[in-house]
Amino acid sequence: MVTNTRRAKRHEGEPEVVELNPVFARPGEATAIPKFDFPADEALPETAYQIVHDEAMLDGNARLNLATFVGTWMDEHASRLYIEAADKNMIDKDEYPQTAAVETRCWTMLADLWHAPDPRNTIGTSTIGSSEAAMLGGLALKRRWQHARREAGKPTDKPNLVLSSAVQVCWEKFCNYFEVEARYVPISLEHKVLDGHDLEKYVDENTIGVVAIMGVTYTGMYEPVAQIAAALDRIQESTGLDVPIHVDGASGGMIAPFVQPDLEWDFRVARVASINTSGHKYGLVYPGLGWVVWRDLESLPEDLVFRVSYLGGDMPTFALNFSRPGAQVLLQYYLFIRLGRAGYEAVQRTSRDVALYLSGEIAKMPAFELWNDGSDIPVFAWRLREGHTANWNLYHLSERLRTKGWLVPAYPMPDDLTGLTVQRIVVRNGFSHDLASAFLDDLRDEVAYLDALTGPMPAEGHRSGFHH
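Heads up: the sequence shown at position 10 corresponds to 10 in the UniProt record's numbering, and the numbers run straight through without jumps.
Below, the structure written as structure tokens:
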């Protein structure tokens with residue numbers, strides 16, 4: 001069974017039925033509905049609504065979820081537009097030509113935002129999320145490498161991709177599903193991100209590309225794209241290998257243009273062939289929406305683009321999915337024209353200000369030591385200060401905060417740093433200074449409670465609260 005929580009699994013002794021509250025039961029209705037089998041009879045919509053509503057109520061409060069990067073708030077106009085567009089299928093470009101036109105406008109705007117040499121003559125697409133977008137970027141790298149190898153009369157059976165050991169899990173999936181060797185460059189206390197150090201040990205003639213992350217999932221730190229490109233320039237000078245870069249800008253792709261506009265990480269860096277981002281992260285749209293844009297038409301091999309006759313029309317498509325919602329694309333366009341550059345800058349700077357405020361206050365607490373401060377994307381992590389206590393750890397603190405409604409993950413760092421446990425906060429639109437102050441009050445209270453313990457807390461059964 002594929003699931004990520006124990007609650008989602010069917011467990012021994014779980015009741016087979018959902019019992020109805022007598023207040024909601026109607027004359028002639030069953031008072032219990034099976035959980036795992038199709039009900040034999042209909043239920044009134046009010047009854048079915050109440051059952052599902054009560055189930056969903058058991059989820060955490062999304063606004064207090066400091067673990068997720070995914071957007072949890074949009075304004076009432078966006079919510080209205082979402083409902084109006086819920087029936088639009090993004091793949092039916094002949095049936096919904098205006099939604100298709102809006103999609104093209106959005107990725108063209110992103111190409112311009114990311115300094116593509118000729119934004120009107122590049123190519124991009126929306127996706128279900130940035131994971132699909134990243135995989136499409138990886139597929140384009142692999143296919144370009146295969147074409148070049150075949151033209152040179154060389155084998156194409158051993159492609160590899162160079163990435164940080166702190167890479168998001170979608171890249172592990174890409175390498176597994178599409179048979180590409182993943183070459184992980186380990187992060188360390190000296191090299192907290194992939195920064196070009198020792199890159200020549202990982203790159204060879206079978207390398208399809210290097211992935212640079214603008215906002216590492218574990219900590220939120222940027223990987224220095226220009227510095228990685230300079231290392232690849234030196235490798236080309238000595239070996240002749242011309243290795244492109246794909247930028248995984250799942251979060252930073254919608255932060256850096258507004259908060260660090262002078263930082264060269266995008267198509268201003270000549271080696272960058274493609275960039276992906278999440279519309280549903282700092283693009284500020286409800287899940288799930290991603291985007292990927294290529295530097296130019298030549299960067300996306302034409303033989304990856306399917307041209308199919310669907311519902312009476314010719315439709316070019318490059319996607320892992322077929323039918324998917326069109327509503328989020330319209331929501332993205334709504335935000336682009338609603339906020340503009342000035343609005344996005346205001347929102348993203350406010351989120352970063354809140355992150356810097358939080359990290360600054362947490363750094364003052366004797367129990368903690370910051371890993372980073374949230375000055376890249378508004379995400380930061382901290383560790384328990386060495387020698388502070390033997391009675392509790394960050395997993396205990398995460399559990400205590402959960403009792404107050406706050407979801408703050410604790411998890412081990414990736415390979416070579418697995419002995420180091422950190423906690424991470426993601427500040428998103430809607431998490432205000434007031435909420436941040438309320439969180440700090442609860443954090444201080446829980447640390448004081450744990451510090452007052454006269455003996456150690458149990459350590460059995462701890463699970464990482466970290467999900468990509």
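We put the CB at the ideal spot given by N, CA and C, even for glycine.
Between Trp294 and Ala133, the CB-CB gap reaches or exceeds 8 Å. The secondary-structure analysis by DSSP pairs Tyr411 across a beta bridge with Val422.
Ranked by how close their Cα comes to the Cα of Thr108, the residues Ile275, Asp416 and Arg307 have Ile275 in first place.
Tyr222 carries a strand assignment under DSSP once its states are collapsed to helix, strand and coil. Taking the C-beta atoms as reference points, Pro244 is found nearer than 8 Å to Arg271.
Boundaries of the alpha helix (DSSP H) around Arg402: Leu394 to Arg402. Runs of the alpha helix (DSSP H) spanning 4 or more residues and lying entirely within the segment 70-142 occur at 76-84 and 97-113, in chain order.
Around the C-beta of Asp94, fewer than 16 other C-beta atoms lie within 10 Å, and the residue is accordingly described as exposed.
Annotated three-state conformation of Ala62 is helix, per DSSP. With contacts defined by Cβ atoms closer than 8 Å, Ile362 and Gly220 do not form a contacting pair.
As DSSP reads the structure, Leu304 sits in no beta bridge. Note on the segment 333-393: there is no whole alpha helix (DSSP H) run with a minimum of 4 residues. In the DSSP secondary-structure assignment, Pro34 is bridged to Val17.
Within the segment 214-266, the complete beta strand (DSSP E) segments at least 3 residues long are 245-248, listed from N- to C-terminus.
Residue range Val272 to Ser278 is occupied by the beta strand (DSSP E) that includes Val272.
Within a 10 Å sphere around the beta-carbon of Ala459 sit fewer than 16 other beta-carbons, which makes this residue exposed.
The Cβ atoms of Ala367 and Arg385 sit closer than 8 Å to each other.
For Tyr184, the three-state secondary structure derived from DSSP is strand.
In this structure the segment 182-190 does not touch the segment 144-155; the number of beta carbon pairs closer than 8 Å is below three.
Under the three-state reduction of DSSP, Ala67 is assigned to coil, being neither helix nor strand. Under a 10 Å Cβ-count criterion, Gln98 is classified as exposed, with fewer than 16 other Cβ atoms of the shown protein chains found around its own Cβ. Taking the Cα positions, Ile33 is about 12 Å away from Leu44. DSSP lists Ala182 and Gly209 as the beta-bridge partner residues of Leu161. Residue nearest to Asn65 within the set Ser398, Glu446 and Asn391 is Ser398 (criterion: CA-CA distance). Here DSSP, grouped into helix, strand and coil, assigns Pro45 to helix. If you check the CB distance, Thr207 and Val162 come in under 8 Å. In this structure, the straight-line span from the alpha carbon of Gly252 to that of Thr277 is close to 8 Å.
Linking Tyr334 to Glu237 through their CA atoms gives a straight-line distance of about 46 Å. Asp41 and Arg144 have their C-alpha atoms roughly 55 Å apart. Taking the C-beta atoms as reference points, Leu194 is found nearer than 8 Å to Ala212. The beta carbons of Gly196 and Ala231 sit closer together than 8 Å. If you check the CB distance, Met214 and Glu223 come in under 8 Å. Per the coordinates, the alpha-carbon of Gly137 lies some 10 Å from the alpha-carbon of Phe174. Comparing alpha-carbon positions, the option among Arg307, Ser323 and Arg324 lying closest to Pro316 turns out to be Arg307. For Gly71 against Pro287, the beta-carbon gap comes to about 7 Å, under 8 Å, which counts as contact. For the 8 Å CB-CB criterion, Ala62 and Pro409 do not form a contact.
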